[in-house]
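Undergrad:
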Amino acid sequence: MIEETLEKIPNILEKYSEKTHQNGKNEVDEDKIKDDLSKILKIKKDNIYTPSDIKKLKEIKKIKETLELIELIEPIELKKENFRQKDELFFGDEEWYLICGKKDSKIGIFLSYDKIKDIPCNFIFKNCNVNLCINKPGDVEKNNVTIIKNHLYFYDCVIDRYETRIESNIFEKSLSFFQCKFTNKILIHNNIFLSHLVFLDCHNGQGKKIKFLSLQENTFERHLFIKNCIIEDIKLWKNKIEDRCYFVDSEFGNKEITKLEFSNIHFKDNAYFNNSKFYSYADFHECEFEKIACFYGVTFDKVPNFSACYFKEQKAVNLTNLNIDKFDFKSIENYIEDNYQDETYKSGQETTEEQYSNNCKLKCVKHLKDSFRVIKDVLISQNNILEAQEWHKLELYTKEKEFHMRLNFEERKIHANIFNNILIWFNCVLLNVYRNTSDHHSNLLKILHFTMSMICVYGFFLYFILEIYVNIEFIFYKKFYNLKIVYLVYIFLIILLLFLLSIVMFLYKNKKSIFIKSILFLAIFLILYCIYENNLKYFGIIYFEEYYFYFSCYILGIYVCYIIFNIENKIINFLLKIILYCIFLFIFIINSSFINPFVGVFSSEKIYESKIEKAIQDLNSSSILNLAKISHKDFNLSWHYQDVSFVELDAAKKLIIENKDNILDLKEQNLTIATEFLGKKYTEISKAIKQDKITSNVIKSTSVLYSIILLLCIFSLQKTARKNSIVPS
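What follows is the structure in structure tokens.
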């Protein structure tokens with residue numbers, strides 16, 4: 005019924021529109037309009053107020069019956085005044101008709117395409133349930149554009165329709181929504197706005213919010229104004245905005261919405277996003293900003309996309325107080341997983357679904373990397389180096405992820421270039437290390453903690469070599485079921501490592517990598533074992549088992565420390581750092597030479613107490629002289645040495661130390677003679693010489709690696725300190 009009666013509205017309004025503005029007849033004409041509108045809309049006359057009614061009500065504010073209406077009117081007038089002063093959203097010379105429901109009940113209004121287009125006056129709808137649909141029916145020609153000539157203002161209304169469509173119209177005056185609730189989608193497509201489009205204060209505790217707003221392929225000659233609104237989902241695509249636009253003091257998105265679309269928009273004038281919050285992914289790709297682009301105080305909870313954005317005036321971009329504190333490597337990974345399906349990939353060859361998905365992911369991460377580069381370049385052009393470093397850090401995150409994805413994809417190719425894969429792997433590992441140790445030279449405390457941890461690992465390793473070696477030496481010569489104990493230790497570690505690898509790979513569902521990397525690890529160990537057993541003996545390389553074992557222990561210690569260092573649990577991380585600094589303090593007090601890596605390379609004897617020197621001190625003079633003869637391969641030994649001076653004994657000791665290798669290289673006959681004269685003392689001396697040699701060589705080899713690591717840490721320390729300093733580098 006209401007749809008039939010509303011057909012009379014345009015005729016009634018047109019009939020009285022000319023008389024409404026004639027001098028001296030306003031009251032009569034306005035009353036007649038009220039009577040007719042009341043009959044057609046089936047609402048009480050008390051709910052319709054003409055401009056004259058509003059003026060009278062303002063003059064009799066003290067009357068109690070009108071207080072409620074004045075409370076409704078004054079906010080509108082106040083907003084009009086504020087915006088007229090600031091942004092010219094309302095004009096003071098306009099007359100407005102008000103359709104207003106009571107505070108405890110709303111009026112039901114149906115506004116369709118063919119009813120609104122001929123309304124001859126400006127309307128304010130207050131406290132109404134509006135069924136709004138301003139789009140032409142399907143049987144109307146596409147070129148037949150609807151022209152709406154008057155202001156439409158909805159205040160404290162509920163836009164209640166399953167899908168509000170505003171399509172293919174020309175709005176000569178403003179369209180405004182103030183403190184409105186949209187129960188369903190609102191689609192605004194292919195319109196031309198010669199005046200303003202306004203969404204204001206659709207945000208309060210009563211659920212007045214916009215569930216979905218779609219603005220596509222519109223032209224805005226004046227302001228697009230969205231302020232203090234909650235918009236759960238928004239899609240702006242290919243809009244042309246000739247004048248200023250505002251998306252200020254608003255909240256966009258929620259946890260369930262994947263992407264907020266602001267892409268392919270041409271901002272010809274200033275664009276303001278001040279103090280807005282984006283809870284979902286904000287996509288600004290391929291936007292053009294010709295003038296000011298203000299993101300002052302904006303908070304992005306998830307990674308935005310500015311890929312292929314064009315800022316004509318880079319120094320006019322305001323990124324002050326832009327909040328990106330929540331962005332980390334995990335957020336980059338989440339962005340790729342949530343958005344790669346939006347990418348398209350064309351290839352001349354046939355691809356499987358998995359290959360297509362991988363290519364889309366790679367394309368997505370490249371676009372994201374370009375997004376961070378765009379903002380970084382803007383900040384560099386403004387000489388804002390400190391903030392540019394944050395975006396450069398995010399760019400390196402995406403670069404690492406790109407290397408990681410390329411490596412996984414290349415491994416699955418049949419004819420993969422192994423040398424190219426090694427290079428990609430090296431770059432990926434390098435970026436991973438810099439990220440986890442110093443956050444790409446942006447976290448001074450992090451690289452300081454890591455440097456301390458590397459010193460502690462090396463100090464603990466030296467303590468292991470110097471103090472525990474004697475107690476575990478048996479693993480290199482004792483056997484268990486015809487297999488040396490050291491090999492059993494290797495096998496146990498390999499099985500444990502493979503088990504852990506299998507769990508990790510299974511969780512990531514990368515079963516091909518399990519097989520390849522596990523077999524490769526086993527093959528390396530077996531190859532080293534075969535080389536030692538079959539070839540190294542012929543080249544005079546001895547003690548390889550010991551060198552390999554201790555060097556592997558140091559590498560394993562570094563790896564374990566690296567893993568522990570990157571534990572994300574804050575409590576565990578805090579406790580580990582306390583332990584770390586306690587160990588460092590202990591090392592510094594006991595033997596500070598452990599901290600200097602070059603001592604181990606060039607003067608390893610200064611780090612530890614020589615076992616051979618200690619063993620010689622326990623010998624009598626005859627044993628020392630006989631041992632000196634053996635070191636010179638003179639086996640004319642005797643126990644009858646008398647009147648030996650201290651000078652001669654010191655000379656003999658030095659001779660033994662200088663030629664200690666000859667003591668170990670005795671032939672069978674000479675070995676028997678030495679054993680008869682020295683007995684167990686010769687065995688102890690030989691053992692001490694062997695231990696000194698192994699310890700010295702292990703310290704030198706590990707010190708080289710330790711020197712490289714510590715130099716890199718020091719380099720990262722000074723670079724990080726310089727980058728975070730107020731003093732320009």
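With the numbering used here as the guide, the letters of the sequence shown map in order to residues 5 to 733. The beta-carbon is built from N, C-alpha and C at its ideal position, and this holds for glycine as well. These numbers were taken from a predicted model, which means no experiment stands behind them.
(1) Under a three-way DSSP split, which group does Arg4 fall into?
(2) If we ignore side chains and look at the alpha-carbon of each, how far apart do Val252 and Val461 end up?
(3) Is Tyr157 near Ile113, with beta carbons less than 8 Å apart?
(4) Work out the CA separation of Tyr554 and Lys405 for me, nearest whole Å.
(5) Residues bridged to Cys104 by DSSP?
(6) Using only the alpha-carbon positions, how far apart do Ser335 and Leu383 sit?
(7) Taking all protein chains shown into account, do 16 or more other C-beta atoms lie within 10 angstroms of the C-beta of Tyr339, making it buried, or fewer, making it exposed?
(8) Spatial neighbours of Ile234 within its chain, please: CB distance less than 6 Å, with the 5 preceding and 5 following residues excluded, ordered by chain position.
(9) If you draw a straight line from the alpha carbon of Trp429 to that of Asn436, how long is it in whole angstroms?
(10) Any chance the stretch 315-327 sits against the stretch 289-301, with 3 or more Cβ pairs inside 8 Å?
(11) Taking DSSP's pairing of strands, which residues face Ala286 in a bridge?
(12) Let's see if you can read the secondary structure: which residues bound the alpha helix (DSSP H) around Asn173?
(13) Could you have a look at Arg248 and say whether DSSP puts it in helix, strand or coil?
(14) At what residues does the alpha helix (DSSP H) containing Thr441 begin and finish?
(15) Roughly how many angstroms separate the alpha carbons of Lys516 and Glu246, rounded to a whole number?
(16) Count the other CB atoms, across all protein chains shown, that sit within 10 Å of the CB of Asp287; report buried if there are 16 or more and exposed otherwise.
(17) Between the C-alpha atoms of Ala312 and Asp346, what's the straight-line distance to the nearest angstrom?
(18) Taking the alpha carbon of His270 as the point to measure from, which residue in Cys368, Lys244, Ile170 and His289 has its own alpha carbon closest?
(19) DSSP beta-bridge partners for Lys231?
(20) Is it buried or exposed, Lys373, if we count other Cβ atoms within 10 angstroms and call 16 or more buried?
(21) For the candidate residues Thr724, Ala656 and Gly463, whose alpha-carbon lies nearest to that of Asn600?
(22) Could you tell me how far apart the beta carbons of Arg439 and Phe333 are, in whole angstroms, since I believe they sit closer than 8 Å?
(23) I want to see whether chain D comes within less than 8 Å of Ile426, judged by CB atoms only; does it?
(24) Identify whether Cys557 lies in helix, strand or coil by the three-state DSSP scheme.
(25) What did DSSP end up calling Ser199 once you bin it into helix, strand or coil?
(26) Identify every residue that forms a DSSP beta bridge with Ala275.
(27) With distance defined between alpha-carbon atoms, name the residue in Lys231, Ser267 and Glu292 nearest to Asn278.
(28) Exposed or buried, which one is Arg726 when buried takes at least 16 other CB atoms within 10 Å?
(29) Assuming Lys2 contacts Tyr159 under a Cβ cut-off of 8 Å, what Cβ separation, rounded to an integer in Å, is found between them?
(30) Determine, using beta carbons only, whether Asn154 and Lys177 come nearer to each other than 8 Å.
(31) Go to His155, then tell me how far its beta strand (DSSP E) extends in each direction, as first and last residue.
(32) Do you know how far the Cα of Lys239 is from the Cα of Leu714?
(33) Note down, in chain order, each residue of its chain lying with its Cβ closer than 6 Å to the Cβ of His408, except the 5 sequence neighbours on either side.
(34) Could you name the residues that DSSP lists as bridge partners for Phe315?
TA: Quick answer:
(1) Because the chain spans 5 through 733 in this model, residue 4 falls outside it and cannot be assessed.
(2) The alpha-carbon atoms of Val252 and Val461 are separated by roughly 53 Å.
(3) Contact flag unset, no.
(4) 34 Å
(5) When DSSP reads this structure, Cys104 sits in a beta bridge with Lys130.
(6) Approximately 22 Å between the Cα atoms of the pair.
(7) buried
(8) His207, Lys213 and Glu255
(9) 10 Å
(10) yes
(11) Leu264
(12) Asn173 -> not in any alpha helix (DSSP H); beta strand (DSSP E) instead, spanning Asn173 to Phe175.
(13) coil
(14) Ile422 to Ser442
(15) Any reading at Lys516 is ruled out, since the residue's pLDDT is 45, under 50, leaving its predicted position unreliable.
(16) buried
(17) 16 Å
(18) Lys244
(19) Leu204 and Val252
(20) buried
(21) Gly463
(22) Rounded to whole angstroms, the Cβ separation of Arg439 and Phe333 is 6 Å, and the two are in contact under 8 Å.
(23) Included in the structure is just one protein chain, with no chain D present.
(24) helix
(25) coil
(26) Cys249 and Ala297
(27) Comparing Cα positions, the closest option is Lys231.
(28) exposed
(29) In this structure the chain extends from 5 to 733, so residue 2 is not present and cannot be described.
(30) yes
(31) Element bounds for His155: n/a, residue is neither H nor E.
(32) 52 Å
(33) Cys432
(34) Phe293
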